[in-house]
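Quick note, the sequence shown lines up with residues 48 to 379 if you use the numbering used here. Read through the structure below, which is laid out as structure tokens, and then see the notes.
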Amino acid sequence: MKAVIPVAGIGSRLRPHTHTQPKALIPVAGKPILAHIIDSLQEAGFNEFVFIIGYLGEKIQEYVKDEYGDKINSTFVVQSVREGIAHAIWTTKEFIEGEDEIIIALGDTIFDMDMKDFMATPHSALGTKKVDDPRRFGVAELDSNHFITKLVEKPAIPLSNLALVGIYKIKNVDGLLSSIKHIIENDIRTKNEFQLTDALMHMIEGGEKFTSYAVDNWFDCGKKDALLETNAILLKKPNFGQSASNNFENTIIIPPVNIHPNCDIKHSIIGPNVSIGPKAIIENSIISESIIGPDAHIKNVVLYNSLIGNEATLIGMKQSLNLGDSAEINFE
Numbered sequence: 048m049k050a051v052i053p054v055a056g057i058g059s060r061l062r063p064h065t066h067t068q069p070k071a072l073i074p075v076a077g078k079p080i081l082a083h084i085i086d087s088l089q090e091a092g093f094n095e096f097v098f099i100i101g102y103l104g105e106k107i108q109e110y111v112k113d114e115y116g117d118k119i120n121s122t123f124v125v126q127s128v129r130e131g132i133a134h135a136i137w138t139t140k141e142f143i144e145g146e147d148e149i150i151i152a153l154g155d156t157i158f159d160m161d162m163k164d165f166m167a168t169p170h171s172a173l174g175t176k177k178v179d180d181p182r183r184f185g186v187a188e189l190d191s192n193h194f195i196t197k198l199v200e201k202p203a204i205p206l207s208n209l210a211l212v213g214i215y216k217i218k219n220v221d222g223l224l225s226s227i228k229h230i231i232e233n234d235i236r237t238k239n240e241f242q243l244t245d246a247l248m249h250m251i252e253g254g255e256k257f258t259s260y261a262v263d264n265w266f267d268c269g270k271k272d273a274l275l276e277t278n279a280i281l282l283k284k285p286n287f288g289q290s291a292s293n294n295f296e297n298t299i300i301i302p303p304v305n306i307h308p309n310c311d312i313k314h315s316i317i318g319p320n321v322s323i324g325p326k327a328i329i330e331n332s333i334i335s336e337s338i339i340g341p342d343a344h345i346k347n348v349v350l351y352n353s354l355i356g357n358e359a360t361l362i363g364m365k366q367s368l369n370l371g372d373s374a375e376i377n378f379e
């Protein structure tokens with residue numbers, strides 16, 4: 048079975064970080080978003096991947112080849128014009144048509160679910176989760192047997208709070224391609240794009256059975272705050288957080304953290320909920336609730352709820368004071 052991963056988006060909500068690298072390569076809990084997705088699918092038995100690339104796509108291609116090499120079979124398809132997820136899937140037509148089934152996993156979302164159980168469902172299945180405000184998502188309506196009766200993309204007045212979370216198992220691949228062809232040829236757009244939700248709804252109207260699969264959790268990493276929240280949640284899990292002995296000079300580590308061993312940290316307090324990439328240099332600083340990219344240099348600062356990019360430099364002020372009685376200095 049093949050896994051199709053769309054990663055062609057420009058990630059405008061994560062600027063300035065996405066000016067220089069794709070959103071899918073931004074690190075969270077010790078590795079890029081894309082690596083979390085690939086690793087989860089690998090554990091479920093996948094080794095055939097089709098990546099839909101576009102903006103800074105050469106960096107996606109380079110990363111996958113460098114990190115995974117021959118461990119997975121990778122195909123890269125360029126979506127030169129971004130016209131929605133359905134259009135992105137259509138660009139992979141020659142690589143997926145005739146397949147018995149595929150899985151589609153959006154490239155900016157990390158899933159907390161039993162992937163093998165999801166793949167064992169007898170029908171096509173869509174990952175779902177109840178949310179407080181479903182207007183920002185594709186929304187599914189169900190019948191009494193948990194089959195999906197209706198899908199609506201970002202409804203103004205939702206009739207359900209069951210959101211699509213960006214993972215789809217499709218058992219009728221040629222049927223999906225036929226439905227995508229239908230909405231493209233008839234220019235059926237939602238929010239000015241060809242939506243996968245609309246293509247799936249066309250399949251349902253044609254009699255295709257889709258079940259709802261409740262995921263334990265999912266993390267949409269499209270914004271800074273969501274990315275940092277995801278980092279904090281994942282670091283609390285055994286596979287991501289590190290409680291290893293502290294080998295850094297005169298430094299206090301407050302777990303959970305994920306610190307690459309090839310870092311230079313001294314005279315600092317790190318944690319909780321901090322991820323630090325390889326070759327980062329940190330001196331005389333206090334850092335919590337933050338992600339620090341590879342090769343970053345941070346000195347003399349207090350950081351909270353921060354996202355520091357690769358090779359960024361942040362050097363603050365260092366004071367030596369002789370403060371008299373009843374005096375007040377406020378550096379805020």
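Glycine is no exception: its CB is placed at the ideal position from the N, C-alpha and C atoms.
> Quick one: Cα of residue 329 to Cα of residue 350, how far?
Replying inline: 11 Å
> Sorted by chain position, which residues of the same chain lie with C-beta nearer than 6 Å to residue 197's C-beta, five sequence neighbours on each side aside?
Replying inline: 188
> Taking the C-alpha atoms as reference points, what is the distance between residue 207 and residue 165?
Replying inline: 22 Å
> Based on the DSSP output, what are the partners of residue 260 in its beta bridges?
Replying inline: 174
>> Measuring alpha carbon to alpha carbon, tell me which residue in 50, 72, 55, 373 is nearest residue 357.
In response: 72
>> Is it buried or exposed, residue 378, if we count other Cβ atoms within 10 angstroms and call 16 or more buried?
In response: exposed
>> Taking the alpha helix (DSSP H) that residue 196 belongs to, which residues open and close that run?
In response: If you look at residue 196, you'll find it isn't in any alpha helix (DSSP H); it sits in the beta strand (DSSP E) that goes 195–200.
>> Using only the alpha-carbon positions, how far apart do residue 136 and residue 100 sit?
In response: 11 Å
> Taking the alpha-carbon positions, what's the residue 177 to residue 261 distance?
Replying inline: 8 Å
> Of all the options 127, 112, 298, which has the alpha carbon lying nearest to the alpha carbon of residue 120?
Replying inline: If we check each option's Cα against that of residue 120, 112 comes out closest.
> Under the three-state reduction of DSSP, which class applies to residue 181: helix, strand or coil?
Replying inline: DSSP places residue 181 in helix when its eight states are reduced to three.
> Taking all protein chains shown into account, do 16 or more other C-beta atoms lie within 10 angstroms of the C-beta of residue 163, making it buried, or fewer, making it exposed?
Replying inline: Exposed, since its Cβ has fewer than 16 Cβ neighbours within 10 Å.
> residue 345: which of 369, 373, 316 sits nearest, CA to CA?
Replying inline: 316
>> Mapping the DSSP letters down to three states, classify residue 290 as helix, strand or coil.
In response: Its pLDDT being 49, under 50, residue 290 is placed unreliably in this model, and the value from its coordinates should be taken loosely. If DSSP states are grouped into helix, strand and coil, residue 290 belongs with coil.
> So the alpha helix (DSSP H) residue 152 belongs to, where does it begin and stop?
Replying inline: Here residue 152 belongs to no alpha helix (DSSP H); instead the beta strand (DSSP E) covers 149–152.
> Taking the DSSP output, what are the residues bridged to residue 265?
Replying inline: 158
> Rounded to the nearest angstrom, how far is the Cβ of residue 340 from that of residue 69, given a contact under 8 Å?
Replying inline: 14 Å between Cβ atoms; not a contact.
>> Short of 6 Å in beta carbon distance, which residues of its chain neighbour residue 246, apart from the five on each side in sequence? Order them along the chain.
In response: Within the same chain, and ignoring the five residues on either side of residue 246 in sequence, the residues whose Cβ sits closer than 6 Å to its Cβ are 133, 226, 227, 230.
> Does DSSP classify residue 190 as helix, strand or coil?
Replying inline: coil
> Which residues bound the alpha helix (DSSP H) around residue 249?
Replying inline: 243–252
> Quick one: Cα of residue 55 to Cα of residue 361, how far?
Replying inline: Residue 361 has its alpha-carbon roughly 30 Å from the corresponding atom of residue 55.
>> Rounding to the nearest angstrom, what Cα-Cα distance links residue 216 and residue 102 in this structure?
In response: 26 Å
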